[in-house]
Structure formats: structure tokens, C-alpha cells
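Reviewing the structure listed below.
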Amino acid sequence: MMAMARTFSRLRKDRSGLAGLSIVALFFLAAIAVWAGWLGQDWSAADGARWEGPGAAHWFGTNVLGQDIFERAVYSVRTAFEIGLVVALLSTVLGAVLGAVAGWRGDTWVDGAITWLKGVLDAIPFYLFVAAVAFALRGAPWAMHLAMVATFWTTTARLVRAEVLKIRSLDYVRSARAIGLPGVVILARHVLPNTTHILLVQGTIAFVAAIKTEVVLSFLGLGVQDGVSWGLMLAESTQEVLAGHFGNFIAASGMLFLLLLGLNLLADAMQDALDPKQAAL
Amino acid sequence: MRFTAGKLLHGLLLILGVTFLSFLLMVWFGPDQTYSLIGKNASAEEIASVRHQLGYDQPFFARYFEYLRELVTLDLGASNASGEAVRSLLARTLPVSLALMIPGFVLGNLLGIALGLAAAQHRGRWPDRLITGFSVSGMSLSFLVIIIALQALLCTPYGLDLFPVRGWRVDSFASYLQYATVPSLSLILVTLGYNTRFYRAVFIEEYGRDHIRTARAFGASTTEILWKHVLRNSLVPVITRFMFSIPLVVISGSLLIESYFGIPGIGLATFEAITSGDQPVLKAVVGLTAVAFVLLQAVTDTLYRLVDPRVT
Numbered sequence: 001m002m003a004m005a006r007t008f009s010r011l012r013k014d015r016s017g018l019a020g021l022s023i024v025a026l027f028f029l030a031a032i033a034v035w036a037g038w039l040g041q042d043w044s045a046a047d048g049a050r051w052e053g054p055g056a057a058h059w060f061g062t063n064v065l066g067q068d069i070f071e072r073a074v075y076s077v078r079t080a081f082e083i084g085l086v087v088a089l090l091s092t093v094l095g096a097v098l099g100a101v102a103g104w105r106g107d108t109w110v111d112g113a114i115t116w117l118k119g120v121l122d123a124i125p126f127y128l129f130v131a132a133v134a135f136a137l138r139g140a141p142w143a144m145h146l147a148m149v150a151t152f153w154t155t156t157a158r159l160v161r162a163e164v165l166k167i168r169s170l171d172y173v174r175s176a177r178a179i180g181l182p183g184v185v186i187l188a189r190h191v192l193p194n195t196t197h198i199l200l201v202q203g204t205i206a207f208v209a210a211i212k213t214e215v216v217l218s219f220l221g222l223g224v225q226d227g228v229s230w231g232l233m234l235a236e237s238t239q240e241v242l243a244g245h246f247g248n249f250i251a252a253s254g255m256l257f258l259l260l261l262g263l264n265l266l267a268d269a270m271q272d273a274l275d276p277k278q279a280a281l
Numbered sequence: 282m283r284f285t286a287g288k289l290l291h292g293l294l295l296i297l298g299v300t301f302l303s304f305l306l307m308v309w310f311g312p313d314q315t316y317s318l319i320g321k322n323a324s325a326e327e328i329a330s331v332r333h334q335l336g337y338d339q340p341f342f343a344r345y346f347e348y349l350r351e352l353v354t355l356d357l358g359a360s361n362a363s364g365e366a367v368r369s370l371l372a373r374t375l376p377v378s379l380a381l382m383i384p385g386f387v388l389g390n391l392l393g394i395a396l397g398l399a400a401a402q403h404r405g406r407w408p409d410r411l412i413t414g415f416s417v418s419g420m421s422l423s424f425l426v427i428i429i430a431l432q433a434l435l436c437t438p439y440g441l442d443l444f445p446v447r448g449w450r451v452d453s454f455a456s457y458l459q460y461a462t463v464p465s466l467s468l469i470l471v472t473l474g475y476n477t478r479f480y481r482a483v484f485i486e487e488y489g490r491d492h493i494r495t496a497r498a499f500g501a502s503t504t505e506i507l508w509k510h511v512l513r514n515s516l517v518p519v520i521t522r523f524m525f526s527i528p529l530v531v532i533s534g535s536l537l538i539e540s541y542f543g544i545p546g547i548g549l550a551t552f553e554a555i556t557s558g559d560q561p562v563l564k565a566v567v568g569l570t571a572v573a574f575v576l577l578q579a580v581t582d583t584l585y586r587l588v589d590p591r592v593t
């Protein structure tokens with residue numbers, strides 16, 4: 001409890017961290033509003049002319065089909081959160097479990113096998129791997145998510161493994177072993193909770209990476225298949241920008257930048273506030 | 282000696298893993314090429330013969346070992362899509378990608394080191410805050426956004442209109458500059474935020490060490506501390522960062538940049554191979570990347586030993 005109160009008080013004093021948190025919260029509210037059907041529901045309605053300029057009816061103008069760009073950008077907040085949350089959650093859980101097992105069984109064949117798997121995944125250029133998975137499973141709407149989860153867990157696992165290796169030899173863990181608690185219980189109840197600071201920060205970083213990767217994959221035609229996302233809007237804008245239509249580009253890249261900035265600031269603030277090394281200071 | 286043997290085994294296992302995974306993903310689950318190679322209304326025998334020719338009628342492991350054999354004997358074959366020998370495809374595309382990616386990659390790292398150093402030396406004061414803010418903003422920009430923005434600013438009549446919009450017609454140094462500048466700037470911008478942040482953390486850690494304080498107390502000059510103590514001791518993380526981002530930046534980065542700007546490099550060739558299921562090309566690219574990765578690890582280990590006497 002003391003530690004948590006201290007973390008919060010430190011987070012409160014961090015102005016850029018607070019700014020980050022507010023930005024992310026605002027976007028999250030927008031995502032909920034879209035999800036609940038209050039915002040952005042007309043994203044696919046073609047109720048304007050082709051490439052209308054910005055105006056009172058269409059704040060950022062319309063796209064090639066006459067759809068309202070602002071409406072599409074707002075609806076994309078939901079897409080971004082769906083991708084970000086799913087990938088961040090799954091890759092962090094996978095990384096925590098594999099990292100904890102590798103650390104707990106440090107220097108055995110289990111550890112060796114997990115380290116080998118990490119090495120293999122790191123040796124394949126990322127976009128190549130993601131593109132290959134997305135293509136192998138084309139048509140499946142979760143192909144992109146799967147590809148990202150399969151590669152994003154490695155960093156989390158490496159950090160958790162190192163932390164678990166350290167914790168494993170601490171007195172309280174030895175005592176727990178001495179009184180005969182099973183390894184799984186010690187790991188779940190006494191070791192993994194002490195890696196929360198790593199998991200929260202890495203989860204946020206995975207969120208950022210997932211949204212960024214979606215943009216690139218959607219441009220390559222391997223990302224979001226139906227619906228709308230900032231990546232699809234940017235892919236649309238690549239041709240429009242050459243013809244002088246900037247609506248899609250400005251709306252999508254502006255929102256994308258704001259959300260990523262918020263997440264990055266939040267990750268930094270959490271890193272500083274949760275780091276047990278700084279708790280002593 | 283045992284150390285080297287262990288490294289060798291480690292490298293071999295890594296290459297086996299990469300080839301297996303890539304075979305599974307790109308060949309076994311990859312696109313079926315039968316129908317793009319035969320005409321309409323083919324008979325069952327024709328279909329069977331094409332499938333046999335492509336090896337589709339073989340069991341999983343037979344096909345995997347064939348894949349490995351071809352890789353080991355460097356029997357790379359010819360592209361299914363264009364019929365061009367994979368060797369000549371590599372010889373044609375690889376130099377283009379290197380010419381395209383190396384300047385941006387090196388400059389992105391050098392600028393990152395310079396900015397990281399400047400921030401670390403003024404830690405907590407306004408230059409540090411300015412550089413950190415810039416670096417976080419850079420990390421929040423998507424690669425695609427940077428490319429589109431730079432293209433609009435530098436290549437279109439809506440901006441400065443200085444460079445060609447896309448393509449690669451390079452026959453002299455001047456034309457190289459024409460076509461490579463905007464892609465290189467994009468690469469620098471997309472890597473600079475992350476690089477600056479990484480190098481800043483490295484230098485801050487070095488500046489905070491006790492022996493630096495001692496050296497200061499003994500009257501060592503700022504320059505001496507910078508070159509003899511901080512930079513020299515930061516070499517290991519700097520080398521690690523630089524070396525291990527080579528395959529990622531060069532292959533992953535070139536995939537996006539080349540397909541965006543329509544530049545005939547290895548990235549574009551690989552992407553086309555993925556979408557058309559061109560097995561011989563994919564096999565060569567993934568296999569050679571894995572070998573390059575392992576070689577790079579060996580080179581990095583040697584470099585560690587050169588710069589840090591503690592590493593044996």
C-alpha cells in the first residue's frame with residue numbers, strides 16, 4: 001500500500017505524465033463512445049461530394065467516395081483501441097509467462113528453449129514476419145493481431161526473465177520453497193506481482209507498437225480488412241496528397257500522433273514512478 | 282575453444298529455427314502457385330504435373346529438407362514469378378537497397394549519439410528537456426506519416442518541389458542524390474527519436490559513475506572526460522545497438538520505403554515474393570538474413586573484445 005501511494009504521488013507530480021494520461025483517457029472515452037454508438041456511426045455514409053474541402057458540414061472535408069473524413073477518423077479511435085488493447089494484453093501475458101518460466105528454470109533446457117525461440121523470432125526481420133503471417137492467414141481478421149503478439153512478447157519476456165532470476169534467490173522466495181509451497185504458487189503469488197512495473201510499461205509500449213504496425217500493414221494491404229482505421233486512411237491519402245487533398249492525411253496523422261504521444265508520455269512517467277530502484281531515493 | 286564451439290552450435294540452432302519457421306509460414310502455409318502457372322481448363326494430369334514440379338505432392342519434412350539442402354548448397358534456383366535467377370535478382374537489388382539505406386542508417390545513429398550526448402551533458406536543464414521532448418515526439422510519429430509528410434513537403438508543388446516523387450533512375454551521383462534524399466531523410470527521422478532516447482540513457486549512466494566524479498575531482502578536463510571516460514566506456518552498448526539494428530532497419534525499413542517510393546531494391550522484391558508466393562526468392566532472403574544475423578553476432582562479439590578488455 002505504501003508503495004502504491006508513493007507511486008501515485010510521484011505520478012501526480014509528473015506534469016508530462018499527467019498530460020499523457022489525460023490524452024489517453026480522452027481517446028479511451030472517445031473509443032467507448034464509438035463503441036456504444038454515440039460517435040462516428042456515419043463513417044461509411046457517402047453523403048458528400050468527392051473530395052470536398054473542409055467546411056461546417058464536413059470538418060476535414062470528404063474522401064474520394066464522399067464520406068466524411070472526421071467521422072472516419074473518430075470511428076478509427078475504436079479500431080486503434082481494439083488492436084492496441086488486444087495485442088498489448090496478449091503479448092504482455094505471453095511475455096510474462098514465458099519470461100517467468102525461463103527465469104524460474106534459469107539455465108535449464110526450458111530456459112534454453114525459450115531463449116532460442118526468442119532468438120529465432122528476433123532474427124527474422126519484423127515486417128517480413130508480420131507480412132508472412134498476415135498473408136498465410138489472409139482473410140482471417142485476427143491474422144495481424146496474431147503476428148504482432150507472436151513477436152512483441154520477446155522484449156517483455158527478456159526483462160521478466162532477468163527480474164525473476166534476481167528475485168528467485170531472494171530470502172523470501174527461499175523461505176517459501178523451504179516451507180514446501182509448489183513452484184507455480186510461488187511464481188504466481190510471490191514472484192510475478194513484483195514484475196508489475198515491467199509489465200505495465202511494456203504493455204503500454206506494445207500498445208504503441210501495435211498501432212504503428214497497423215498503419216504500415218494497412219498500407220501494404222495486409223492490415224485492417226473491413227471497417228476503417230488510421231492506417232487505411234493514410235493509405236488512401238498517399239495518392240491524394242499528390243493531388244493536393246490533405247484532409248485524410250491531416251485528420252488521421254494528427255489523431256494518430258496525439259494518441260501515440262499520450263501513450264509514450266504515460267509509459268515514461270510509469271517507468272519513472274514504478275521503478276523500484278528509484279523508490280529508495 | 283569450447284566457447285567458440287558453443288557459439289557455433291548456438292548459431293546453427295538459430296539458423297535451423299529461422300529456416301524452419303520461415304518454411305512453415307511462407308512455404309507450407311504460403312500461397313499456392315499451381316493455378317498461376319497453368320492456363321485455363323487444365324486437365325487433372327497437367328495440374329498434377331505442375332504440383333509435382335513445385336514439390337507440392339511431397340510430405341512436409343521432405344520439402345523442408347529439400348529447402349535446407351538448396352540453401353546449404355547455395356542452389357538458389359530461379360524466381361517462379363519472373364524466371365530470373367535468384368542470384369542475379371540479389372545482385373541487382375541488394376546494392377540498390379544498401380545505397381538507399383546505409384546513409385540514413387548511419388546518419389540516424391550519429392545524430393542520435395550527438396543529441397543523446399548533448400542531453401546527457403545538460404541533464405535536467407532546458408537543452409535536455411528540449412531534446413527529450415523532440416525524441417518523444419519522434420517516437421510518436423508513424424513511419425508512413427513521416428514519409429507522406431516529407432514527400433508532400435519536398436516533392437510536390439504544394440511544398441518545395443525539389444525532388445522526384447518516386448522512382449529510382451540512378452546513373453550518376455547527382456541523380457543518386459535526387460532519388461535517395463527523401464527516403465534517407467525519412468529513415469533518419471523515423472529512427473532518430475528512438476536512437477536519441479537510447480543513447481541519452483547510455484551516456485547518463487556513464488556520466489553518473491563514481492570514476493567520472495573522481496576524474497573530475499582530479500581536475501580532468503571536460504573533453505578528456507568525454508573522450509577518455511564516457512565515450513570509451515559507452516562503446517559496448519553503442520556497438521550492440523548499432524549492429525543489431527542493421528538487419529532490422531535494412532530489411533524491414535527497405536520493405537516499406539521501397540514499396541512506397543517504387544525503388545527496385547531487396548525490400549520491394551521480398552514483398553512481391555511474399556504476396557505472390559515466390560518460394561525461391563523468399564527462401565534466399567530469409568535464409569541469408571538468418572546467416573547474416575548469426576555472422577553479425579560473431580562480429581559483434583569480436584568487437585566487444587577489441588573495445589573492452591573485461592570481455593574475454
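From first to last, the protein sequence lines are chains A and B. Heads up, the first sequence is in the numbering used here, so the first residue is 1 and it goes up one at a time. Heads up, the second sequence is in the numbering used here, so the first residue is 282 and it goes up one at a time. Backbone N, C-alpha and C fix where the C-beta goes; we use that ideal spot for every residue, glycine too.
Could you tell me whether the Cβ of B:TYR457 comes closer than 7 Å to any Cβ of chain A?
-> no
Beta-carbon proximity check, B:ILE555 vs A:ALA131, cutoff 7 Å | yes
Hey, does A:ALA131 have any beta-carbon neighbour from chain B nearer than 7 Å?
-> yes
Confirm, please, whether the CB-CB distance from A:ARG72 to A:TRP43 is below 7 Å.
-> yes
A:ALA279, DSSP secondary structure in three states | The pLDDT assigned to A:ALA279 is 48, lower than 50, so where the model puts this residue is not dependable, and the model offers no usable value.
Secondary structure at B:THR437, three-state DSSP: helix, strand or coil?
-> coil
Under 8 Å between beta-carbons, which chain B residues line up against A:ASP272? List them in chain order, please.
-> The contacting residues do not exist; A:ASP272 stays about 12 Å from chain B at best.
Could you confirm whether any beta carbon from chain B is found closer than 7 Å to the beta carbon of A:PRO54?
-> no
For the candidate residues B:GLY546, B:ILE532, B:ASP589 and B:ILE544, whose alpha-carbon lies nearest to that of B:ARG513?
-> B:ASP589
Within chain A, the residues that B:SER418 reaches when beta carbons sit closer than 9 Å | PHE257, LEU261 and ASN264
State buried or exposed for A:ILE179, treating a residue as buried only when at least 16 other CB atoms are found within 10 Å of its CB.
-> exposed
Where does the unbroken alpha helix (DSSP H) through A:HIS145 begin, and where does it stop?
-> 143-168
Within this structure, are the beta carbons of B:THR300 and B:GLY546 separated by less than 7 Å?
-> The criterion of a C-beta distance shorter than 7 Å is not satisfied by B:THR300 and B:GLY546.
For B:HIS492, which option in B:GLU553, B:GLY474, B:SER416 and B:VAL511 has the closest C-alpha, if you only look at C-alpha atoms?
-> Comparing Cα positions, the closest option is B:VAL511.
Which residue's Cα is closest to the Cα of A:VAL185: A:THR196, A:THR195 and A:VAL173?
-> A:VAL173
B:ASN390 classed as buried or exposed, judged by whether at least 16 other C-beta atoms fall within 10 angstroms | Taking a 10 Å sphere around the C-beta of B:ASN390, we find 16 or more other C-beta atoms and assign the residue as buried.
Can you tell me whether DSSP reads A:ALA36 as helix, strand or coil?
-> helix
What does A:ILE124 touch in chain C if you count any residue whose Cβ is under 8 Å from its own?
-> Of the protein chains in this structure, namely A and B, none is chain C.
Could you work out which residues of chain A lie near B:SER467, taking near to mean beta carbons separated by less than 7 Å?
-> In chain order: nothing, as chain A lies at least about 13 Å away.
B:ALA359 by DSSP, collapsed to three states: which one?
-> Residue state, collapsed to three classes: strand.
Is B:THR354 helix, strand or coil by DSSP?
-> coil
DSSP on A:ASP111, reduced to helix/strand/coil?
-> helix
Along chain B, which residues have their Cβ under 8 Å away from the Cβ of A:SER237?
-> Neighbourhood of A:SER237 in chain B, by CB distance below 8 Å: ILE429, in chain order.
Alpha carbon to alpha carbon, what distance is there between B:PRO438 and A:LEU90?
-> Straight-line spacing of the CA atoms in A:LEU90 and B:PRO438 works out to 45 Å.
Neighbour list for A:LEU200 in chain B, Cβ cutoff strictly below 7 Å = In chain order: nothing, as chain B lies at least about 18 Å away.
So the alpha helix (DSSP H) A:ASP272 belongs to, where does it begin and stop?
-> 247-274
Contacts that B:VAL421 makes with chain A (C-beta to C-beta distance below 7 Å) | Val is not the amino acid found at residue 421 of chain B; the sequence shown has Ser there. Taking a Cβ-Cβ threshold of 7 Å, the residues of chain A close to B:SER421 are PHE257, LEU260, LEU261 and ASN264, in chain order.
Check B:ALA366 in the structure and name its three-state DSSP category.
-> strand
Please classify B:GLU347: is it buried, with 16 or more other beta-carbons within 10 angstroms of its beta-carbon, or exposed?
-> exposed
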